[in-house]
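And the structure:
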């Protein structure tokens, strides 16, 4: 039996009935679209020989779309579009989402942002590295209006990258996908864990490399690199002379910790500070957090924990000076240390102790820091990420118009 909806103040019975019908329409069969949303996040790794075939299929499909004139643009609106929005722009949004395969449901009013459109928007957002809230905000609109020719160019660039990265792939490896700001721990063709990452800024880029993870440093010191001393530390000390003490950073001569210096012994108006070693004590304030993950490379970068956990919740996670911060790092290091007989309880115990400890890994694990802005997962879902370091030759995507 239908129950009459509660009426808002000054709302007529007829308007209340109309509102109830609209709400029923928007929420009708919402679960029917969820499999398409779930398919965005595959359990299969990004790098695999089978991924190349899926990429070629995606390239051909985008070439066909491009030859036919591309997908339609979505006009800019004064307000974000969301569940319940009803206007002519929603019809254009529907057409755009159908062209890219995000919207499967053809029914419903073409001018209404119903549950099917909301799920399609969420699917589109997730495969473009945008938070899946189902609302068409400015960032989502910009991604929707990137021309199909630009996306085709990304696919063509990345099939070569994937081919190169899979050529020497080991059975057990860690992938850091820099544009996606995401990490995969892979073994036996399966993703054992995925981790959100924070990678290098545009002017301090995380490098593309292949190496082996050989050591874990628990409760580490952090030695400030010379580049950061020059770019960050000197300006901060000019602004706030208590910065070093507040952050538990001590001053020594490089390679000699027998004498600690006072900040007043350094001329902060010059580059004299670069002649000293600045080392941060282990603890809650340490920039490396509770663990550092080492692999040999000429760039002096590494993976590590961080006290700034809030950064992992951002869509755009390009904040570091080249090293990579790892969300839920204990799960990753437990997997890395498993061949040494370590389990999660042992990892937690060492970190809880606060004592410095280094662990040489009995089974060093391959690490690939790769630049992949487009890939196709095992369910055939095409992913795109912004060309943050401008390596695809397509320019700033958000500024490109249809």
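Residue numbers (the numbering used here): 5 to 406. Just so it is clear, CB atoms sit at the ideal spot from N, CA and C, and this is done for glycine as well. Everything numeric in this text was worked out from a predicted model, so none of it was measured.
Alpha carbon of residue i to alpha carbon of residue j, nearest angstrom
| i | j | result |
| --- | --- | --- |
| residue 241 | residue 248 | 8 angstroms |
| residue 308 | residue 351 | 15 angstroms |
| residue 311 | residue 119 | 39 angstroms |
| residue 115 | residue 197 | 41 angstroms |
| residue 127 | residue 205 | 27 angstroms |
| residue 207 | residue 110 | 45 angstroms |
| residue 367 | residue 348 | 17 angstroms |
| residue 236 | residue 228 | 10 angstroms |
| residue 220 | residue 130 | 32 angstroms |
| residue 394 | residue 150 | 15 angstroms |
| residue 123 | residue 107 | 8 angstroms |
| residue 342 | residue 373 | 22 angstroms |
As assigned by DSSP and simplified to three states, the class of residue i
| i | result |
| --- | --- |
| residue 47 | coil |
| residue 87 | coil |
| residue 59 | helix |
| residue 17 | For residue 17, the predicted structure reports a pLDDT of 44, less than 50, and the residue's modelled location is therefore unreliable. A value from the coordinates is still provided. Three-state result, residue 17: helix. |
| residue 270 | coil |
| residue 213 | strand |
| residue 174 | coil |
| residue 223 | coil |
| residue 201 | strand |
| residue 117 | coil |
| residue 191 | strand |
| residue 108 | coil |
| residue 234 | helix |
| residue 374 | strand |
| residue 240 | helix |
| residue 352 | helix |
| residue 254 | strand |
| residue 395 | coil |
| residue 278 | helix |
| residue 343 | helix |
| residue 330 | strand |
| residue 179 | strand |
| residue 303 | coil |
| residue 68 | helix |
Cut-off 6 angstroms between Cβ atoms - residues of its own chain near residue i, not counting five sequence neighbours on either side
| i | result |
| --- | --- |
| residue 33 | Residue confidence for residue 33 is low, a pLDDT of 41 falling below 50, so the modelled location carries little weight and cannot support an answer. |
| residue 254 | 264 and 283 |
| residue 397 | none |
| residue 85 | 117 and 140 |
Nearest candidate by alpha-carbon position, reference residue i, set the options
| i | options | result |
| --- | --- | --- |
| residue 155 | 274, 378 and 288 | 378 |
| residue 325 | 332, 122, 112 and 303 | 303 |
| residue 173 | 289, 301 and 216 | 216 |
| residue 51 | 371, 391, 396 and 393 | 371 |
| residue 256 | 238, 277, 330 and 125 | 277 |
| residue 65 | 380, 199 and 261 | 380 |
| residue 289 | 48, 358, 113 and 275 | 358 |
| residue 166 | 361, 54 and 260 | 54 |
Residues of its chain near residue i, where Cβ-Cβ distance is below 7 angstroms and the 5 sequence neighbours each way are ignored
| i | result |
| --- | --- |
| residue 89 | 117 |
| residue 209 | 326 and 393 |
| residue 369 | 176, 177, 178, 216, 217 and 340 |
Neighbourhood of residue i by C-beta, 8 angstroms cutoff - its chain only, sequence neighbours within 5 removed
| i | result |
| --- | --- |
| residue 100 | 75, 76, 77, 78 and 148 |
| residue 28 | Because residue 28 sits at a pLDDT of 36, beneath the cut-off of 50, its placement in the model cannot be relied upon, and the following sentence gives the value as read from the coordinates. If we look at residue 28 and ignore the five residues flanking it on each side, it has no Cβ neighbours. |
Do the stretch 126-143 and the stretch 324-343 touch if we need at least three Cβ pairs shorter than 8 angstroms?
no
The stretch 189-201 touching the stretch 381-401, judged by at least three CB pairs closer than 8 angstroms
no
When the Cβ atoms of the stretch 344-360 are set against those of the stretch 162-182, are three or more pairs found closer than 8 angstroms?
no
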